[in-house]
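Reviewing the structure listed below.
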Amino acid sequence: WVDMRVVSAGDHPCRARVLREMKESMVEHGHFYAANPPSLPVEYMRDRVYAFTRALHGLPSHEKQRFTPPVGGYTGSDVEGAREHSYEGGTQSLVCSWDYSRHRFRSQPQAPRWPRGLGVPGACEGATAEDFLDDLYDRQNSLGIDICVALAEMLGLPPKTFLQHFASGSRPGGETASTGDMGTIRLLRYPAHSKGAEEGAAGTIDGIAAHTDFEFFTLMSQDAPGLQILPPPRPSAGKLGWDRQEWVDVPVTPWFMVIAGDMLERWTNGKILALPHRVLPTTQDRYSIIRFNALHPDTLVQPLPQFVSSDHPARYTPVTMRRHMETTMSNLDKGIPAWEHGNPGRSLTATYAYELEGHRHRGGVER
């Protein structure tokens, strides 16, 4: 795990060592654990965020139906016409989610509706669900700013390489990032499923099917087992070739698991791979707090020169954050999966090949 108190203190004597360990974990395992983030203490997550999440999911199904898209941010297996996408063909997901996104929601003609009268844990009188989630978003951004800077520095890049494209918010001391990000908070519930995975007319039942996240990196918190990851392939010891990849159970910890997304893989030309993950059905309800950390919509992502050479030519086509998100979601709406079935299978979004278009992006015109 990485102590974020050390990372956020730019002059800490242990910072260089911690960044080396963070790089090793990201390159070899696709993730690290962010411990002790000042803006997201354990007590806040346990007593306020998880309590609020349980209250939202505790509403009856007919009430949650009123907040499904396009008028709200609820999707789930317990409402009609608003199930989670099928990331892998032939699967159905049990997961239920309340989603909050500044960019996506504030760009709509009408702001999404949220339940009233739940009470917001630890908030002042009159605070709304939107107030609570916007505060959580800012707290996550504070951690995200530290991670953006650390990712750049651990890779030998200028500190603001990624931060200049990261999104809205500020932190104590006045350091700000650009505005208009495409990030999303997901407050997740995985209903208990006593029979486990099963085949039927609807296909395999999963908590959520295998996929990689479409954004830059993701913060993950869980209160019970069920999450699995597929670490990057590793060279076989003492022989040519690679070890077989195997799904690995993720332990429950009080810290945030930080996983690489599609954009980080594309920027580093595959040096850091987006981390595949899935959630198995469990016999008990399981809750999870997710923050997808995206970029400004017009940020053009393509392999950085530091990761391209004659021996390692660019493997990824240029794409903006907006286009990658819109293409991926459009494909899912059409039933085009984000994961290729196999043993173990592979992500279809991280390496998606885009035809070049002449449209504007941050810094000029994509050619």
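In the numbering used here, the protein residues as written are 11 to 377. Ideal placement from N, C-alpha and C gives every residue a C-beta, glycine not left out. Values in this document were obtained by computation on a predicted structure and should not be read as measured data.
Residue i: first and last residue of the uninterrupted alpha helix (DSSP H) it sits in
{"i": "A139", "result": "139 to 164"}
{"i": "R296", "result": "Segment 296 to 303 is the beta strand (DSSP E) holding R296; no alpha helix (DSSP H) there."}
{"i": "Y97", "result": "Run containing Y97: none; DSSP gives neither H nor E here."}
{"i": "H67", "result": "60 to 67"}
{"i": "L342", "result": "331 to 343"}
{"i": "H22", "result": "Where H22 is concerned, there is no enclosing alpha helix (DSSP H), given that its DSSP letter is neither H nor E."}
{"i": "E73", "result": "71 to 74"}
Bridge-paired residues (DSSP) for residue i
{"i": "I259", "result": "Looking at the sequence shown, residue 259 is not Ile but Asp. Q238, per the DSSP bridge assignment."}
{"i": "D216", "result": "S103"}
{"i": "D109", "result": "R196"}
{"i": "T171", "result": "Note: T171 sits in no beta bridge, so no partner."}
{"i": "L310", "result": "T330"}
{"i": "R15", "result": "Answer is none; R15 lacks a bridge partner."}
{"i": "E350", "result": "R356"}
{"i": "R123", "result": "G82"}
{"i": "G221", "result": "In the sequence under discussion, the amino acid at residue 221 is His, which differs from the Gly named in the question. Bridge partners of H221: H287."}
Nonlocal neighbours in the same chain, by C-beta distance under 6 Å from residue i, ignoring five residues either side
{"i": "D216", "result": "T101, S103"}
{"i": "L237", "result": "V260, V289"}
{"i": "Y326", "result": "R276, P313"}
{"i": "G193", "result": "A177, F302, N303, A304"}
{"i": "S35", "result": "F42"}
{"i": "Y364", "result": "T327, V329"}
{"i": "A45", "result": "W11, D13, W265"}
{"i": "Y84", "result": "K74, F77, T78, W108"}
{"i": "S204", "result": "T293"}
Closest residue to residue i among the options (Cα-Cα distance)
{"i": "A389", "options": "D191, I299, E94", "result": "The shown model of the chain, from 11 to 377, leaves out residue 389, and the question about it has no answer."}
{"i": "G345", "options": "L165, K170, H95, F172", "result": "H95"}
{"i": "P70", "options": "S87, R58, D57, P80", "result": "S87"}
{"i": "L198", "options": "R126, F266, W108", "result": "W108"}
{"i": "D156", "options": "V16, L146, G68, H351", "result": "V16"}
{"i": "A284", "options": "S18, A19, E38", "result": "E38"}
{"i": "A65", "options": "Q316, D321, Y297, V318", "result": "Y297"}
{"i": "P125", "options": "L229, H67, Q232", "result": "H67"}
{"i": "V262", "options": "N46, M230, A162", "result": "M230"}
{"i": "P47", "options": "G355, P264, M339, D295", "result": "P264"}
{"i": "D233", "options": "M55, W11, H22", "result": "M55"}
{"i": "P235", "options": "Q255, Q294, I195", "result": "Q294"}
{"i": "P354", "options": "H322, D308, R254, V52", "result": "R254"}
{"i": "H287", "options": "S320, T63, P241", "result": "P241"}
{"i": "I195", "options": "E53, P23, R112, M164", "result": "R112"}
{"i": "H351", "options": "P168, P243, G99, H322", "result": "G99"}
{"i": "D21", "options": "A160, L167, H203", "result": "A160"}
{"i": "Y147", "options": "I239, V59, V52", "result": "V59"}
{"i": "L167", "options": "S320, L366, S340, P315", "result": "P315"}
{"i": "D308", "options": "I239, E256, D191, A202", "result": "D191"}
Chain-order list of residues whose beta-carbon lies under 8 Å from that of residue i (same chain, five-residue window excluded)
{"i": "E209", "result": "Low confidence applies to E209: its pLDDT is 48, below 50, so where it sits in the model is not reliable enough to give any reading."}
{"i": "A207", "result": "Low confidence applies here, because A207 scores a pLDDT of 42, under 50, leaving its location unreliable and the question unanswered by this model."}
{"i": "Y97", "result": "S103, I218, A219, A220, H221, L342, P347, A348, W349"}
{"i": "V105", "result": "G86, S87, E94, L198, R199, Y200, G217, I218, V289"}
{"i": "A19", "result": "R25"}
{"i": "V318", "result": "N279, A324"}
Bounding residues of the beta strand (DSSP E) (the contiguous stretch that carries residue i)
{"i": "H287", "result": "287 to 289"}
{"i": "A270", "result": "266 to 270"}
{"i": "M230", "result": "227 to 232"}
{"i": "H41", "result": "41 to 45"}
Own chain partners of residue i with C-beta closer than 7 Å, once the 5 adjacent residues on each side are dropped
{"i": "R149", "result": "S49, L50"}
{"i": "R123", "result": "F77, V81, G82"}
{"i": "F391", "result": "Outside the shown range of the chain (11 to 377) lies residue 391, about which nothing can therefore be said."}
{"i": "V89", "result": "S71, K74, Q75, T78"}
{"i": "G154", "result": "F176, N303"}
Neighbour flag for residue i against chain B, beta carbons, 7 Å
{"i": "T171", "result": "Structure shown: chain B not included; a single protein chain is present."}
> Counting Cβ pairs, one atom from each stretch, are 3 or more of them under 8 Å apart for the region 221 to 229 and the region 270 to 287?
Replying inline: The region 221 to 229 makes contact with the region 270 to 287; the number of CB pairs closer than 8 Å reaches 3 or more.
>> Does the structure place the region 30 to 42 close enough to the region 72 to 81 that three or more beta carbon pairs sit under 8 Å?
In response: With a cut-off of 8 Å, the region 30 to 42 and the region 72 to 81 do not count as touching, because too few Cβ pairs lie within range.
> At a cut of 8 Å, does the region 141 to 150 reach the region 331 to 349 through at least three beta carbon pairs?
Replying inline: No: fewer than three Cβ pairs fall under 8 Å.
>> Using 8 Å as the cut-off, can you tell me whether the region 276 to 287 makes contact with the region 356 to 368, which would need three or more C-beta pairs spanning the two stretches below that distance?
In response: With a cut-off of 8 Å, the region 356 to 368 and the region 276 to 287 count as touching, because enough Cβ pairs lie within range.
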